[in-house]
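**Student:** Keeping their order, the protein sequence lines are chains A and B.
Read in order, the letters of the first sequence correspond to residues 18 to 469 in this note's numbering.
Read in order, the letters of the second sequence correspond to residues 854 to 953 in this note's numbering.
Provided herewith is a single structure, encoded as structure tokens, for subsequent inquiry.
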Amino acid sequence: MVYRVGSAEGFYGDNVLSALPMILGGHVDAICFEALAELTLAILQKDKLKDPNRGYTFDLQIIAARVLPDAFRRRIPLISNGGGLNPVAAAHMVAETARKAGLQGVKIAAITGDDVFSRLEELHQAGERFEHLETSQPLDPGEYQLTNANVYMGARPIVEALKAGADFVITGRVADPCLYLAPLVAHYGWAWDDWDRLGAGIVAGHLLECTGQVVGGNSLALIDTIDPHELPRLGYPIAHVHADGTFVLTNTPGQGGIVNTSTVKEQLLYEVHDPARYVTPDVVADFTTLTLADIGANQVRVSGVTGRPAPEKLKLNFGRLEGFMREIIYTLGYPYAWKKYDQLKILIRETLKPLAIDRIAFHLLGVNSLFGSASPLPEDPMELVVRVMFTAKDEATLKNAVRLLMNNGLSGPAGVSVSGTTVGGEPRAIIGLFPTLIERTHIQHQIHYVEV
Amino acid sequence: MPRVVDLAYGRTGDKGNIANISIIARSSEAYVLLREHLTAEAVRQALGDLCEGTVLRYELDNIEALNFVCHDALDGGGTRSLRIDPLGKSLAGVVLRMEI
């Protein structure tokens with residue numbers, strides 16, 4: 018017996034319709050959708066400020082309208098953290114969509130408790146210092162405007178909702194792999210101190226959570242073997258998990274992509290620090306004891322994962338509005354391109370001097386923009402494409418800066434040109450992240466059920 | 854002199870201002886060579902001004918791979934970085950281009 022968990026979203030904007038061939042082909046028992054990168058909640062906060070009924074990912078509307086009907090008919094539960102900053106509003110939207118589609122008996126669960134933005138004073142009173150995870154500096158709330166404060170929750174509330182019969186579980190911030198661990202714990206009844214099995218579920222979740230990246234997307238190992246025509250239609254990954262935690266990773270049958278030990282290794286180490294201590298709210302997984310084996314076409318068996326007790330504290334990430342950035346791209350050509358580049362840098366720095374500009378950065382696209390000082394420089398280039406980035410605390414300063422730079426239109430180095438689309442661009446907000454830890458006892462989850 | 858890319862493949866991941874670069878050996882012989890010669894210090898040097906902090910190396914003998922955790926390597930972190938590749942998706946290329 019195996020339990021099959023599919024992954025149909027790895028970031029906000031992923032192709033969630035990849036769930037359909039999993040469902041229609043009868044290939045999965047549950048599907049998870051992971052939508053929240055580190056920055057996504059800060060983006061959703063902007064939506065919520067405009068409309069208090071928003072703050073969730075738009076992808077949930079697509080899932081509700083086009084995936085839920087087929088999933089519900091086959092009793093395949095859907096789990097998504099795309100509820101973002103407003104899981105309850107998301108659940109009501111999903112219910113309304115399901116009603117319009119004529120579905121009856123759908124149970125939707127919204128999980129909250131991760132969002133502590135309105136509780137900061139209370140938590141501070143309770144002894145939380147909010148010291149930065151890397152620098153140990155305490156958060157200074159007056160320094161920048163805070164945009165959001167969300168705790169990485171574990172799998173438990175999702176398991177509770179699934180056991181209560183939820184067909185669609187919508188959460189806010191949950192540690193990505195825990196989203197995938199939840200249906201396994203709900204199905205197999207693994208104990209919360211069964212560290213090795215929990216660790217195995219986390220490894221399965223970690224391999225699934227970036228969808229295309231384990232089935233041939235973003236793969237250097239497959240550069241000579243994957244047919245690029247398959248890339249836009251990769252069959253997203255599915256884990257066939259046994260009761261003992263051993264699992265086989267595969268892709269959706271009949272779709273594109275390749276799964277082998279190389280793609281699994283690439284994804285296993287993606288965004289990992291100490292591989293013997295992969296920390297999640299539910300377990301610390303150890304990747305150094307596992308064994309990988311190619312056991313068939315697009316089938317990799319993962320066994321031997323071990324785990325250790327869950328950490329005492331939970332991770333909390335603050336988002337802060339730290340300013341704005343602006344991009345202008347110039348082009349310089351032969352002859353004397355390097356000399357012209359020096360002139361352009363002086364021109365820009367002197368022009369911006371009277372303004373409150375915090376940072377200026379120059380990169381040469383196609384020359385050193387990816388690898389900095391590690392890039393060998395051409396001696397006498399035909400062209401230099403100069404990307405200038407500058408930042409300020411407010412948008413008005415940046416608009417003023419662009420105006421002053423454009424005043425130099427006929428005063429620059431010989432033959433300089435500027436990319437018009439970058440001149441017409443808009444400042445972009447700089448949302449800085451401030452990670453810290455928080456006591457578990459200070460975080461309680463709530464589950465809200467909406468039934469259709 | 855062979856380059857690391859002849860012996861391994863790799864991928865970069867990001868978390869905050871930390872980039873991790875996985876270097877996965879193409880064979881057991883390659884892994885022995887890489888483990889011996891591809892030190893954290895050598896990677897730190899190769900990254901030049903891309904990495905302002907320390908580099909830690911973790912070994913995974915079970916899958917014949919090394920994981921380099923590079924602190925202060927993303928110009929303040931993906932959301933603050935002024936680089937064209939703010940998440941450092943390409944950073945593994947620096948290590949893959951190193952000579953062994």
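From the three backbone atoms N, C-alpha and C, an ideal C-beta is built for every residue, glycine too.
Since residue 75 of chain A sits in a beta bridge, which residues does DSSP pair it with?
**Tutor:** Paired residue(s): none; residue 75 of chain A is not in a bridge.
**Student:** Please list the partners that residue 884 of chain B has in chain A, where partner means a Cβ-to-Cβ separation under 8 Å.
**Tutor:** What residue 884 of chain B touches in chain A: nothing, since even the nearest Cβ is about 12 Å away.
**Student:** Where do the N-terminal and C-terminal ends of the beta strand (DSSP E) with residue 197 of chain A fall, by residue?
**Tutor:** Run containing residue 197 of chain A: none in the beta strand (DSSP E); it sits in the alpha helix (DSSP H), 193–205.
**Student:** Buried or exposed, going by whether 16 or more other CB atoms sit within 10 Å of the CB of residue 443 of chain A?
**Tutor:** Answer is exposed; the Cβ neighbour count stays below 16.
**Student:** Starting from residue 283 of chain A, find everything on chain B with Cβ-Cβ shorter than 9 Å and list it in chain order.
**Tutor:** Those are 862, 863, 864, 875 and 877, listed as they occur along chain B.
**Student:** Within 10 Å of its beta-carbon, does residue 67 of chain A have 16 or more other beta-carbons around it, so buried, or fewer, so exposed?
**Tutor:** Its Cβ having fewer than 16 others within 10 Å, residue 67 of chain A is exposed.
**Student:** Identify each residue in the segment 899–914 of chain B for which the Cβ-Cβ distance to at least one residue of chain A is less than 7 Å, and report them in chain order.
**Tutor:** Under the 7 Å Cβ criterion, the segment 899–914 of chain B contributes 899, 900, 901, 902, 903, 911 and 913.
**Student:** With a cut-off of 8 Å, does the C-beta of residue 937 of chain B fall near any C-beta of chain A?
**Tutor:** Yes - at least one Cβ of chain A is within 8 Å of the one on residue 937 of chain B.
**Student:** Below 8 Å on the Cβ atoms is my contact criterion, and I expect residue 231 of chain A with residue 239 of chain A to pass it. Report the Cβ-Cβ distance as a whole number of Å.
**Tutor:** Not a contact, Cβ separation roughly 11 Å.
**Student:** Report the partner residues of residue 393 of chain A according to the DSSP bridge assignment.
**Tutor:** Residue 393 of chain A is not bridged to any residue.
**Student:** Alpha carbons only, please: which of A:55, A:89, A:271 and A:285 is nearest the one belonging to residue 168 of chain A?
**Tutor:** With distances taken between Cα atoms, residue 168 of chain A lies closest to A:55.
**Student:** Quick one: list the residues of chain A neighbouring residue 932 of chain B, beta-carbon separation under 8 Å, in chain order.
**Tutor:** Here the neighbours are 55, 56, 59, 447, 448, 449 and 450.
**Student:** Please work out which residues of its chain come closer than 7 Å, Cβ to Cβ, to residue 386 of chain A, disregarding the five sequence neighbours upstream and downstream, and give them in chain order.
**Tutor:** If we look at residue 386 of chain A and ignore the five residues flanking it on each side, its Cβ neighbours are 380 and 404.
**Student:** Determine, using beta-carbon pairs with one atom in the segment 854–866 of chain B and one in the segment 879–886 of chain B, whether at least three such pairs fall under 8 Å.
**Tutor:** Segments in contact, yes.
**Student:** Who are residue 912 of chain B's beta bridge partners in DSSP?
**Tutor:** Partner(s): B:919.
**Student:** Since residue 235 of chain A meets chain B, which of its residues come closer than 9 Å, beta carbon to beta carbon?
**Tutor:** Ordered by position in chain B, the residues that pass the 9 Å Cβ test against residue 235 of chain A are 864 and 942.
**Student:** Whose CA, out of A:52, A:82, A:30 and A:96, lies closest to the CA of residue 46 of chain A?
**Tutor:** Here the closest residue by C-alpha is A:96.
**Student:** Report the three-state DSSP secondary structure of residue 926 of chain B (helix, strand or coil).
**Tutor:** Of the three classes helix, strand and coil, the one that applies to residue 926 of chain B here is coil, per DSSP.
**Student:** Check residue 417 of chain A in the structure and name its three-state DSSP category.
**Tutor:** In the structure shown, residue 417 of chain A sits in a helix (DSSP, three-state: H, G or I).
**Student:** Compare the C-beta of residue 343 of chain A against all C-beta atoms of chain B and say whether one is closer than 8 Å.
**Tutor:** Not one chain B Cβ lies under 8 Å of residue 343 of chain A.
**Student:** Cα-Cα, which of A:48, A:36, A:390 and A:132 is closest to residue 196 of chain A?
**Tutor:** If we check each option's Cα against that of residue 196 of chain A, A:48 comes out closest.
**Student:** Ignore the nearest five residues each way along the sequence and tell me which others in residue 474 of chain A's own chain have a CB closer than 7 Å to its CB.
**Tutor:** Any answer about residue 474 of chain A is impossible in this case: the structure gives chain A only from 18 up to 469.
**Student:** Please list the terminal residues of the continuous alpha helix (DSSP H) segment that includes residue 951 of chain B.
**Tutor:** Premise fails: residue 951 of chain B is in no alpha helix (DSSP H) and is neither H nor E.
**Student:** Given a limit of 9 Å on CB to CB distance, which residues of the segment 275–299 of chain A reach chain D?
**Tutor:** Of the chains in the structure shown, none is chain D; the protein chains are A and B.
**Student:** Report buried or exposed for residue 875 of chain B, applying the criterion of at least 16 other Cβ atoms within 10 angstroms of its Cβ.
**Tutor:** Flag for residue 875 of chain B reads buried.
**Student:** Here's a check: name, in chain order, each residue in its chain whose Cβ is nearer than 6 Å to the Cβ of residue 1 of chain A, leaving out the five neighbours to either side.
**Tutor:** Residue 1 of chain A falls outside the range modelled here, since chain A spans only 18 to 469, and no answer is possible.
**Student:** May I ask you to list, following chain order, the residues of the segment 358–386 of chain A that have a beta carbon less than 9 Å from some beta carbon of chain B?
**Tutor:** Listed in sequence order: 376, 377, 378, 380, 382 and 386.
**Student:** Does the separation of the CB atoms of residue 456 of chain A and residue 330 of chain A fall below 8 Å?
**Tutor:** Closer than 8 Å, so yes.
**Student:** Report the residue ranges of all alpha helix (DSSP H) runs contained in full by the segment 103–176 of chain A; include only those spanning at least 4 residues, in chain order.
**Tutor:** You should have 104–117 and 137–142.
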